[in-house]
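For what it's worth, the numbering used here labels the leading residue of the sequence shown as 7, then goes sequentially.
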Amino acid sequence: MNLMLKTKFFSKSLMVILGLALATVSTVQPSTAAVFNYQDDTTNEPIWRRVAPGNPPTLISGERDGNMGMSVPYSVFDFTVDRSGSYTISGDSKPTTPANRKWDIFLTLYEGSFNPTQQLTNVLIASTTTNGSTVTFNRELVTGEKYFLVTTGRRVNDFGKFSNTISGLGEITPIPESNSIPAVLVVGGITLLLSKGKVRRQKAGGRRQLCYPPLKEWDCNKEVLYLAASSLSIIIYLDCSSDPELKF
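Here is the structure:
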């Protein structure tokens, strides 16, 4: 039997709500490994001259052949892990207009810091595909270190929507500065979805809500946080009317 509970929190900090939600999740199975998934789009994002594939990469694209290489749009996701060990990172491109086809995704992982003009500094691994398939690699990650997952394309016309997944022994925590948009954290069979989406003020009542993908930006009448399990679902709404400075 499914149980649905709806609770409205007025003038509360999102961090408090998120903390309570994570506390609820952690009491289920605190030792269970986590799976973190997020989606974004590299269309119209900044351009960088990417590295060549490698473990670790030793060349910037085009260096071996003496040409300009591949300068392509990129997106960066910053994160940490709370347990050292092996983690699996994968990326899957999505059909994107106008071509409406899957594109060749290219993933690069950095540790400590990332500078798009110093491509070989702190780089750990870079991997790609030539047929639009999923890119996957494993990497030992260390507790407390900052990691930067750069999603880009193999060629100049490889860009668009994508979905990345990070899984391993411990929880994966996004760093607030990361430019990723939605995220899914799976722990002990319970799924927590957090959207860092668009915030707007509605015409009536001065109430702002977060738009939850895949809804369109102007449809902001859905939940901010959503906890779902086979026997329990909790939807939490946030009213920001007295907190105009709430930002993500």
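Ideal Cβ positions, reconstructed from N, Cα and C, are used throughout, including at glycine.
Keep in mind it's a predicted model, so treat the numbers as computed, not measured.
F154 sits close to Y116, with the two beta carbons spaced by under 7 Å. Closest option to V141, judged by alpha-carbon separation, among E151, S81, N170, P52: N170. Under DSSP, no beta-bridge partner is assigned to P59. Residue nearest to D47 within the set V82, S67, T64, N61 is V82 (criterion: CA-CA distance). Only residues of its own chain outside the window of five on either side were considered, and among them D110, V141 have a CB closer than 6 Å to the CB of T135, listed in chain order. The alpha carbon of R56 has as its nearest neighbour, out of K152, P79, S139, S90, the alpha carbon of P79.
The residues E117, in chain order, have a CB closer than 6 Å to that of E151 in the same chain once the five nearest residues on each side in sequence are set aside. Assignment of N144 by DSSP, reduced to helix, strand and coil, places it in the strand class.
With a cutoff of 7 Å on beta-carbon distance, L175 and R70 are scored as not near each other. Taking 7 Å as the cut-off, the beta carbon of V87 is found closer than this to the beta carbon of I178. The Cβ-Cβ distance between I95 and F165 does not fall below 7 Å. Separation of L113 and T49 (C-alpha to C-alpha, rounded to the nearest whole angstrom) is 16 Å.
For Q125, the closest alpha carbon among the candidates S139, Q45, P59, E51 is that of P59. Counting along the chain, P104 sits inside no beta strand (DSSP E), nor does DSSP assign it H or E at all. Under the criterion of beta carbons closer than 8 Å, G97 and T157 qualify as touching, at roughly 6 Å. Proximity to N137 across N163, S119, K108 peaks at K108, based on C-alpha coordinates. Per DSSP, the unbroken beta strand (DSSP E) holding I111 starts and ends at 111-117. At the C-beta level, P63 and A132 come within 7 Å of one another. In chain order, V41, T94 place their CB closer than 6 Å to the CB of S173, counting only its own chain and leaving out the 5 sequence neighbours on each side.
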